[in-house]
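Participant: Residue numbers (the working numbering), protein chains in the order written: chain A, 421 to 1150; chain B, 8 to 176.
Now the structure itself:
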């Protein structure tokens, strides 16, 4: 028996272990720690044998402890590291230190050792660890990403081909212009004896035609480009958004996820800009540089070389200053966002500001932030005032070189005046593209960064996968059971420990406990927002991992503490769980939830718009709407997270009545705070520090001497008496 | 327990090490067992305002605070040595002495560094929140796994590293 993830990869460690009579086959699992007991980066190895734990450190020191002497093993977390600690004869001994890079792995190793301590060997599949994210994609590099972005393009082949054709035609037409305004105009039209001497009108006509043609081509290209990149971006956004919806809760709560909205919006926009503007311009400018360069060299090699002298200098200045401008822009952006924070902070917290009389300080903070922004803008302005005149001066110099050298050649008769004019015309065609080419790399980089962030989401696998042969049940009976469930959101930070309880069909249980005890976590794992690490969650005797998501969601209803109402009408919100509900069903549900009365009194009734710019409902009203939502959905199992905030007696009563019509005939798991709810429950389960400490009816537990529930309940009663409130728990 | 700030004086508490190498303490003559020493202002004060807590093996029980050490320098040498070792353990944040190699790749910065704790490779992402300027030329970096690293003096960084990270600071 061995665990593939927990092998020793270092032969020298195996050699050292041999000296202590330990062969590779004896090792069930090994954890290679990356810190020493003096907190230096170095490897020490903890090995789990069949009967003992042993440690060999970087200096070859050896330590061994038989399992029979070990009472427990656990990890202790510090700021940016952790320790594996064993407990022997009441004493705690650290056996290894690790950085956070290894925290998920350590968790798995400890789970294995725990199984060995208790005498049974676990299968590899049973050892779950937190997914800390896979960062191997970083090394795949930008080229791969670029091809992946480009892989969206072929779906729009016709648009792409016509766009490239237009670009080539437009570029070609543009290239003719300097020839006409130079050579033809001066040498053939304005010079006596020229081929078209005096035919000014046709020439102007041709020029007008050309410019009209290129404007037309520009419009066409813009249209096709916008259409194509719009569709690509639509595809990418849809892919990101739907991938996100498939992921488990942990993705949305993880710190590393960052700003989700940003990913769907600005990252996708970045790619769009690049595909729409960046890529076509890259082709146009690349073509222009090649063709113009080639032409100039053929026409007049000497002049061309002299023309190219300032180009590298210009490129260098652009490249150097681009970095500086990027930095300045970024700093300005940071300052302006911190100024926005100050504004936001002050206005969102205006009541606090006023209550504490800190208006002056708010003004000072704003003044400080705004001044910093101003100074940064100034720096940006000064910098650009320095660089751009310098650039244009160098360009002018380049032009003067051409005039000088070219003028001399005209005088010597080696060049006509018209040719010189054409030449300078072509020259001016060159600067724009060079400027663009210098900047495109940064553009490309930021586009690839966005693409990388987007594909990271698209590629991410859900941590609550649906099993391929998942069970589909139209209607569950509603029996819920937790069997020895352990769970943690982060590695080595247990939230639930060995939790077991059963809820019979149609029963209502109340989960009670202090905040942070693990009540919400229990409801999270029943609905499979997260998967448990150890133990099982069974509904009607089937592990939730083997039930299809669809049947899980259609059979479990939730009324949450923080009711979220989506933008839309009240009717739509009630029908959220059952979009095809009839108007009669919606009204029935609202009536059962005691929401109907206040809804009809609203000027827009059931059509009242909620959300942004819509009507604001009170907490009690929102909760009744969410109860109506759950009633309409008619789930077999109901999870009810009672609001902690107190409501006035009448509203409270209405909600109680609403709840009663909701609970009827369903299995209900309520996170309860109010006595009325607690008394209505068939059974209470008291949770403390991730464990179940008491179970029984309200009466049983209330009268239990020194019981956790009794203490809590009495404290609450005292508080109510003190406030002169009516305590219905007496 | 009083709900008031309680400064511990050097004659009220004495520290010792358990056989397993963990920090233990006697407070007002009573052996209070294993303790943790926590920095209350880890970014501002390394050895002042230290909170001393009793750790129970059963980590689900509430830890109780014994009191606060106002300034470690008022304590005897022995205690200073033991508490320092404990702080080292809990606040493992290596100082980056030299950047051996740095690469920017698709929104990540890959570092190969020499720290005062040895050599290390790590990856940084989401730079605007994971590179924190602590002021006084100090930077705090947090890698993709949450490991922290300190750059004690920005001015000593090489040009290439500076070029890559300067926009974030």
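From the three backbone atoms N, C-alpha and C, an ideal C-beta is built for every residue, glycine too. Keep in mind that this is a model prediction, so the values were computed, not measured.
(1) For residue 464(A), which of helix, strand or coil comes out of DSSP?
(2) Work out the CA separation of residue 1001(A) and residue 983(A) for me, nearest whole Å.
(3) Which residues, in order along the segment 95-109 of chain B, keep a beta-carbon less than 7 Å from a beta-carbon of chain A?
(4) With DSSP as the reference, please indicate the residues paired to residue 59(B) in a beta bridge.
(5) Under 8 Å, with one C-beta from each stretch per pair, do the segment 1021-1031 of chain A and the segment 950-960 of chain A reach the 3-pair mark?
(6) Below 8 Å, how does it come out for the segment 868-879 of chain A and the segment 899-907 of chain A: are there three or more Cβ pairs, yes or no?
(7) For residue 635(A), count neighbouring Cβ atoms within 10 angstroms of its own Cβ and tell me buried if that reaches 16, exposed if not.
(8) Hey, would you say the C-beta of residue 1024(A) is under 7 Å away from at least one heavy atom of the ligand COA?
(9) Of the residues that make up the segment 868-883 of chain A, which ones have a beta carbon closer than 7 Å to any beta carbon in chain C?
(10) Give me the chain A residues within the contact set of residue 124(B), using Cβ-Cβ distance strictly less than 7 Å, ordered along the chain.
(11) Ignoring anything shorter than 3 residues or poking outside the segment 1032-1085 of chain A, list the beta strand (DSSP E) runs there in chain order.
(12) Using only the alpha-carbon positions, how far apart do residue 164(B) and residue 746(A) sit?
(13) Should residue 118(B) go down as buried or exposed, given a rule of 16 or more other Cβ atoms within 10 Å for buried?
(14) Evaluate the contact criterion for the segment 975-989 of chain A versus the segment 1005-1014 of chain A: three or more CB pairs, one atom per stretch, below 8 Å.
(15) Could you tell me which chain A residues have their CB closer than 7 Å to the CB of residue 164(B), listed as they occur along the chain?
(16) So, using beta-carbon positions, are residue 698(A) and residue 867(A) closer together than 8 Å?
(17) From this set, 645(A), 496(A), 507(A) and 1054(A), which residue's C-alpha is nearest residue 486(A)'s C-alpha?
(18) Measure the alpha-carbon distance for residue 171(B) versus residue 825(A) and round it to whole angstroms.
(19) Taking the alpha carbon of residue 829(A) as the point to measure from, which residue in 819(A), 840(A) and 820(A) has its own alpha carbon closest?
(20) Is the CB of residue 525(A) under 8 Å away from at least one CB in chain B?
(21) Compare the C-beta of residue 87(B) with all C-beta atoms of chain A and state if any pair is closer than 8 Å.
(22) Helix, strand or coil for residue 112(B), going by three-state DSSP, please let me know.
(23) Mind checking if residue 475(A) is an interface residue toward chain B, Cβ cutoff 8 Å exclusive?
(24) Could you compute how far the alpha carbon of residue 992(A) sits from the alpha carbon of residue 1008(A)?
(25) To the nearest angstrom, how far is it from the Cα of residue 124(B) to the Cα of residue 147(B)?
(26) Starting from residue 514(A), find everything on chain B with Cβ-Cβ shorter than 8 Å and list it in chain order.
(27) Whose C-beta lies closer than 7 Å to the C-beta of residue 587(A) among residues of the same chain, with five residues either side of it excluded?
(28) How many angstroms separate the CA atom of residue 436(A) from the CA atom of residue 529(A)?
(29) Label residue 473(A) either buried or exposed according to how many other C-beta atoms from any shown protein chain fall within 10 Å of its C-beta, with 16 as the threshold for buried.
(30) Is residue 469(A) near residue 501(A), with beta carbons less than 8 Å apart?
(31) Residue 427(A) and residue 462(A) - do their beta-carbons sit closer together than 8 Å?
(32) Counting contacts by CB-CB distance shorter than 8 Å, is residue 521(A) in contact with chain B?
(33) Does the Cβ of residue 101(B) have 16 or more other Cβ atoms within 10 Å, making it buried, or fewer, making it exposed?
(34) Should the segment 1099-1112 of chain A be called in touch with the segment 912-920 of chain A, which here means at least 3 C-beta pairs below 8 Å?
(35) Name, please, each residue of chain B whose Cβ falls closer than 7 Å to the Cβ of residue 859(A).
(36) Roughly how far, in whole angstroms, is the beta-carbon of residue 471(A) from the beta-carbon of residue 670(A), given that I think they are within contact range, below 8 Å?
Facilitator: To lay it out plainly:
(1) strand
(2) 21 Å
(3) 95, 96, 97, 98, 99 and 100
(4) 44(B) and 74(B)
(5) no
(6) Here the segment 868-879 of chain A does not lie against the segment 899-907 of chain A, with fewer than 3 beta-carbon pairs under 8 Å apart.
(7) exposed
(8) The ligand content of the structure shown is nil, which means the ligand COA is not present either.
(9) In the displayed structure, chain C is absent; the protein chains listed are A and B.
(10) In chain order: 459, 460 and 461.
(11) 1057-1061
(12) Rounded to whole angstroms, the separation of the alpha carbons of residue 746(A) and residue 164(B) is 21 Å.
(13) buried
(14) No: fewer than three Cβ pairs fall under 8 Å.
(15) Simply none; closest approach about 15 Å.
(16) yes
(17) 507(A)
(18) The C-alpha of residue 825(A) is placed about 43 Å away from the C-alpha of residue 171(B).
(19) 840(A)
(20) Closer than 8 Å: no.
(21) no
(22) strand
(23) Interface annotation, residue 475(A): not in contact with chain B, CB-CB separation never under 8 Å.
(24) Distance between the alpha carbons of residue 992(A) and residue 1008(A): 14 Å.
(25) Roughly 16 Å separates the two Cα atoms.
(26) 27, 28 and 29
(27) 641, 700, 703 and 704
(28) 21 Å
(29) buried
(30) no
(31) no
(32) yes
(33) buried
(34) yes
(35) Contact annotation for residue 859(A) against chain B: no contact, minimum CB-CB distance about 16 Å [criterion: below 7 Å].
(36) The pair is not a contact, with the Cβ atoms about 37 Å apart (cut-off 8 Å).
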